[in-house]
Amino acid sequence: MFCAVIVAAGSSRRAGFDKLAAPLAGEPVLCRSVQAFVEAGCSTIVVVCPEERWQTVGLADATYPVPVLRVDGGAERQDSVAAGLAALPEGTRWVAVHDGARPLITPQGIRACLQAAAQTGAAACAHPVVDTLKRADADACSLPEKVSRDCLWGMETPQIFDLSLLQKAYAAVAEQGLVVTDEVSAVEVLGVPTRLVQVGPNLKITLPGDLELAELIWQHRKAR
-10 MFCAVIVAAG SSRRAGFDKL AAPLAGEPVL CRSVQAFVEA GCSTIVVVCP EERWQTVGLA
50 DATYPVPVLR VDGGAERQDS VAAGLAALPE GTRWVAVHDG ARPLITPQGI RACLQAAAQT
110 GAAACAHPVV DTLKRADADA CSLPEKVSRD CLWGMETPQI FDLSLLQKAY AAVAEQGLVV
170 TDEVSAVEVL GVPTRLVQVG PNLKITLPGD LELAELIWQH RKAR
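Mapping to this note's numbering: the sequence shown position 61 is 50, numbers consecutive.
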């Protein structure tokens, strides 16, 4: 059984507005993310978000062909993910953890990541770094250091794992008192590598300009 945990408990502080409730092609960003996983064939989707956001985006009244549940988040992202994992139904074998603010993920991209996970036990969407990288000092002045971008990838979501592996990873994270920013970092605590999968435009809505770019990409896809 393939299920998903969609993390949407953040405050949207950097955006300056509730980016998860913002409209993307007429639907809230969070709902776009949920719909992608419905279309990808998830058996159950757990959304980690406050009750107010659940109501605001319309998920409380939405009807889907599979269960879409809500749980409260925690202080850290890993706490929110743990809450979502605890709500998964018995029999879950594979779990995708996804940032609700990545509404451009496609069902095809989700399935490609799942296929890679089925081969290795751990897979994540990501993209090779193509920009020139510079390190800066505290005053934002560049330092004369060459930072190689060879073999560097920018991490995305979904990140898909054998559920038992991810549960063991988060147990180890908790036992060691660590803070991790994604699930790949969690399974690395166990020494397990993750297969990286490139799936196309999959940006995270962080700043107002990101929403404008996402709208352009969405409309371009629709016009093809």
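Note that the Cβ used here is the ideal one computed from N, Cα and C, for glycine as well. If you're wondering where the values come from, they're calculated on a predicted model, not measured in any experiment.
Which residues bound the alpha helix (DSSP H) around Thr52?
Per DSSP, Thr52 belongs to no alpha helix (DSSP H) and is neither H nor E.
Alpha carbons only, please: which of Ala158, Arg42, Cys130, Trp43 is nearest the one belonging to Leu74?
Ala158
Could you say if the segment 46 to 61 and the segment 8 to 20 meet the contact criterion of at least three C-beta pairs nearer than 8 Å?
yes
Any non-hydrogen atom of the ligand COA within 7 Å of Leu179 CB
This structure simply doesn't include the ligand COA, nor any ligand for that matter.
If you compare alpha carbons, which of Gly189, Asp199, Thr109, Val188 is closest to Pro182?
Thr109
Inter-residue spacing [alpha-carbon to alpha-carbon] between Val35 and Leu132:
44 Å
Is there contact here, the segment 51 to 59 with the segment 160 to 167, by at least three beta-carbon pairs under 8 Å?
no
Taking the runs of the alpha helix (DSSP H) that are 4 residues or longer, which of them lie wholly in the segment 67 to 139?
96 to 109
Who are the Cβ neighbours of Cys31 in its own chain at under 7 Å, not counting the five residues just before and after it?
Phe(-9), Cys(-8), Ala(-7), Val55
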